[in-house]
Amino acid sequence: MKYLLLPMISFALMGCEEPPHQLQTQDNLKLADSAKLHALTLNLTNTTEEGGVLRIELKRSNDQLLEERSIDMNEFTGSIVFSDILEGYYSIQVYQDIDANQQLNMDGPIPQEPIGFSNNPILQGPPTFAVTGFEITSDLTQEVQLIDYR
Numbered sequence: 028m029k030y031l032l033l034p035m036i037s038f039a040l041m042g043c044e045e046p047p048h049q050l051q052t053q054d055n056l057k058l059a060d061s062a063k064l065h066a067l068t069l070n071l072t073n074t075t076e077e078g079g080v081l082r083i084e085l086k087r088s089n090d091q092l093l094e095e096r097s098i099d100m101n102e103f104t105g106s107i108v109f110s111d112i113l114e115g116y117y118s119i120q121v122y123q124d125i126d127a128n129q130q131l132n133m134d135g136p137i138p139q140e141p142i143g144f145s146n147n148p149i150l151q152g153p154p155t156f157a158v159t160g161f162e163i164t165s166d167l168t169q170e171v172q173l174i175d176y177r
């Protein structure tokens with residue numbers, strides 16, 4: 028009887044070990060995930076000489092704020108790079124906060140500070156994601172022109 032149990036116990040213990048091919052599969056998944064990470068470069072034009080702070084929002088397709096940055100105009104070089112961005116749909120909003128009060132100044136419905144969006148839409152009110160959205164499937168550069176409605 029004990030000769031019959033020994034092979035059965037050995038067989039049962041072998042089944043508890045994780046086969047090496049599953050470890051390779053997990054490593055491959057990690058490599059595949061990292062392959063889906065991309066850089067997004069944002070080039071801004073038409074900023075004013077009035078100084079202040081650039082306020083940049085990067086949003087996902089579900090209107091989820093992914094990243095928000097504030098850059099002093101004295102340190103701004105003309106472009107901003109977002110690293111490790113997953114593939115998907117995104118939107119960008121930028122404004123030059125001239126008085127550095129952390130909000131976009133408005134006169135009724137009209138922005139009183141330079142503002143811009145991805146895809147550079149012609150504004151007739153707040154743009155929708157359908158107008159400003161873009162897809163990232165590889166490293167990408169977005170050109171955004173700020174418009175001053177004052």
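Following my numbering, the numbering of the sequence shown begins with 28 at its first residue and continues without gaps. Glycine residues also receive a C-beta, built at the ideal position from the N, C-alpha and C atoms.
1) Would DSSP call Thr159 helix, strand or coil?
2) Please report how far the alpha carbon of Glu94 lies from the alpha carbon of Ile83, in whole angstroms.
3) Just grab the DSSP bridge partners of Gly115 for me.
4) Select from Gly160, Ser145, Pro153, Thr155 the residue whose C-alpha is nearest the C-alpha of Leu70.
5) Could you spell out the range, first to last residue, of the beta strand (DSSP E) harbouring Asn70?
6) By DSSP, does Asn55 sit in helix, in strand, or in coil?
7) List the DSSP bridge partners of Arg87.
8) Identify whether Leu81 lies in helix, strand or coil by the three-state DSSP scheme.
9) Exposed or buried, Val171, counting other C-beta atoms within 10 Å across all chains shown (16 or more means buried)?
10) What number of angstroms, rounded off, separates the C-alpha of Thr68 from the C-alpha of Thr159?
In this structure, then:
1) Reading the sequence shown from its first residue, position 132 is the one you call residue 159. Thr159 falls in the helix class under three-state DSSP.
2) Counting from one through the sequence shown, the residue named residue 94 turns up at place 67. Counting from one through the sequence shown, the residue named residue 83 turns up at place 56. In a straight line, the C-alpha of Glu94 is about 8 Å away from that of Ile83.
3) The residue labelled residue 115 in the question sits at position 88 within the sequence shown. Within the DSSP secondary-structure output, Gly115 pairs in a beta bridge with Ile163.
4) The residue you call residue 70 lines up with position 43 of the sequence shown. First, the residue type needs correcting, since residue 70 is Asn and not Leu in the sequence shown. Of the listed residues, the one whose Cα sits closest to Asn70 is Ser145.
5) In the sequence shown, the residue the question calls residue 70 occupies position 43. Residues 64 to 72.
6) Here residue 55 corresponds to residue number 28 of the sequence shown, with the count starting at 1. Note that Asn55 scores a pLDDT of 42, beneath 50, so its modelled location is shaky; the value from the coordinates is reported in the next line. Of the three classes helix, strand and coil, the one that applies to Asn55 here is helix, per DSSP.
7) To locate residue 87, count along the sequence shown from 1; it is residue 60. DSSP output for Arg87 lists Tyr117 as bridge partner(s).
8) The count along the sequence shown starts at 1 and reaches residue 81 at position 54. Leu81 falls in the strand class under three-state DSSP.
9) Counted from its first residue, the sequence shown places residue 171 at position 144. When all chains shown are included, Val171 counts as buried.
10) For the purposes of this step, residue 68 is taken as residue 41 along the sequence shown, with counting starting at 1. For the purposes of this step, residue 159 is taken as residue 132 along the sequence shown, with counting starting at 1. In this model, Thr68 and Thr159 are separated by some 16 Å (Cα to Cα).
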